[in-house]
Every structure is written in structure tokens, then in C-alpha cells.
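Notes follow once the structure below has been shown.
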Amino acid sequence: MGALTGKTALVTGASRGIGRGIAERLARDGARVAVHYGTNERAAKETVAAIGSAGGSAFAIGVELGTPGDAERLWAEFDRHADGVDILVNNAGIGTSAPIEELSEEEYDRVFAVNVKAPFHLVRHGLGRLRDGGRVINISSGLARTAVMPDKVAYAMTKAALDVFSRDLSKLLGPRGITVNSVAPGIIDTDNTADFLHRTEDGQARAAAISALGRVGTPADVADAVAFLASADGRWVTGHWLDATGGSLT
Ligand code: NAP
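Going by this note's numbering, the first residue of the sequence shown is number 3, and it counts up by one from there.
See below:
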């Protein structure tokens, strides 16, 4: 019996990167996991297969977020496989990086649509599916609390908005025993950061130097923090912003 045996989890953006790490960890703890993806069905199927090979249970659901009706379509897909959810992890997200003069209105709207609007409506339309005693975990970013990368201002603003959502939602859902928290990674080695980490000469070293622990984070580093909040051990932690940056803000 794992800590999450009998629970159902939905992890958005679980085909790759941090979301995949979270899906694999929650499945290892016994949860049945909905592996959500946007367009990369092959990667989602690989995640589902990896979970299955490790003895876990998962299914893939694909819906592009940031499009009209995205949340309702995602839940309709989910409903084909499961009849309720205990753990919702809003992980899917995109970045922006451009000097403010160059960031178009379309790009601004898109990053808010995927990173803020989609999680909001996923929760809104998921309220009836979310079981009492459940968990909502929103994947934020250390950039919501530091101005160290000002060209990512619009992205950082989306994560700050997500953090406010976590805080207010913790009050709204508290009476149902549902905890709501933000987990904020620092620089994690994923496709999202590959250009900086692997295609610049000193990217790895510069990223490692930002962390108090002197290395770049991995999806598993974040997934383990999420697993704590998802577990019964995390029952008294709600409305919290968990710094999972490896000490990058110190
Ligand atoms: P990633 O490697 O780029 O993976 C992104 C995941 O989100 C993929 O599963 C992708 O699905 C999905 N996704 C992206 N846009 C989507 C859309 N419009 N609709 C549906 N699904 C979409 O990203 P990551 O680095 O793991 O980041 C995951 C989360 O952590 C994000 O919220 C990010 O802001 C946050 N974060 C990351 C870092 C970091 O250093 N990596 C640091 C702080 C916070 P497909 O495979 O179908 O494309």
C-alpha cells in the first residue's frame, strides 16, 4: 500500500518535464494518474508506459489549454476514465522572455490564458469532481518573488496571479478539507530550460551558482515536494507558498 493508494490524481502538462516527474512520483505512491498533455501525445504515452512499467496506473488525456472551452473539454475527457479526483496539480505552463518593448499583446494574452485562466477554470469546472479532503497544487515559480530575470516579467506576473489564486482558494475550499498550495521551482532541467542550460557555454554553471545547493534542479526535486503536500502528512499545510528553488531566493 502506498501513501496515495485509492486516490486519483490529475497532473496537467504531465507528458514532459516537471509534470512528468510529478505524475511518476504520485503513481509510485499509489495514485491512479491522469497524464494530461497539450499536443505531444507520444510523450504522454511514454509517460503512461513508464508508470505502467513501474507497476503504477495511468491514462493520458490531451487538450490544449489556453483555447476556448479548454477546461470543460479536459474534464469531459477525464470523465471518460474516472469519476472523481483527489489531487489536482496545475502544472502545465509556458514561458515568455522578451524585453517589455518587444512583448506583443498576443504573447501576453497567451501566457495568461495558459498559466492563469486555464487553472482557474479547471478548478471552477472541477469543483464537483474534486473530492472532499483533496488537494490542489499549483506550480508557481521562484520568479514570482524575485526580479532577477526582468525579461520574463509577463511570465512572472502569471505565477504571482496563480499564487493569489492558491491563497484565496485555500479559504474557499478549506471547509471541505481540501488544501490548496503553490509550489515554486527554481531552474529545473527540462525542455523549457534546455536552450539556456544545454545550448549556452556556461548555462549549467550559471544556473547551478544561483542555487544555494550548487546544482541545477531536476523534475524529481519538485515532484518530491509535491508528493508531501499531496500526502496525508501535508493535511495541515494550506494557503502556503512552498519555495522549492533549491535556495535560489536566499
Ligand atoms: P516543459 O518541459 O516545457 O513541459 C510543459 C508541459 O506542459 C508539457 O507536458 C506540455 O504538453 C504542457 N503544456 C504546455 N503548454 C500547454 C498548453 N497550451 N496546453 C496543454 N498543455 C501544455 O515545462 P516544465 O519546465 O516542466 O514546466 C512545468 C511547469 O513548471 C510550468 O508551469 C513552468 O512555468 C513551471 N516552472 C518551470 C521551471 C523550470 O525551470 N523548468 C521553473 C519554475 C517553474 P506537450 O508535451 O503536449 O507540449
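Every residue, glycine too, gets a C-beta built ideally from N, C-alpha and C. Note that the coordinates shown come from a computational prediction; the quantities given were computed from them, not determined experimentally.
| query | result |
| --- | --- |
| Distance, Glu43 Cα to Gly179 Cα | 34 Å |
| Boundaries of the beta strand (DSSP E) in which Gly135 is found, first to last residue | 132-141 |
| Closest by C-alpha distance to Gly181, when choosing among Asp235, Arg34, Tyr110 | It is worth fixing the name first, because residue 181 is Thr in this sequence and not Gly. Taking only the C-alpha atoms, the option nearest Thr181 is Asp235. |
| Any non-hydrogen atom of the ligand NAP within 6 Å of Ala227 CB | no |
| Those residues which DSSP pairs with Ala246 across a bridge | Pro187 |
| Cβ pair count under 8 Å reaching 3, the region 211-226 against the region 20-27 | yes |
| Reduced DSSP category for Thr2 - H, G, I as helix; E, B as strand; rest coil | Outside the modelled stretch of the chain, which goes from 3 to 252, sits residue 2, for which no answer is possible. |
| CB contact flag (Val37, Ala52, <7 Å) | no |
| Chain-order list of residues whose beta-carbon lies under 8 Å from that of Leu244 (same chain, five-residue window excluded) | Asn183, Ser184, Val185, Ala186, Ala227, Leu231 |
| Tyr110 to Ala207 span [Cα, whole Å] | 30 Å |
| heavy atom of the ligand NAP below 6 Å from Val239 C-beta | no |
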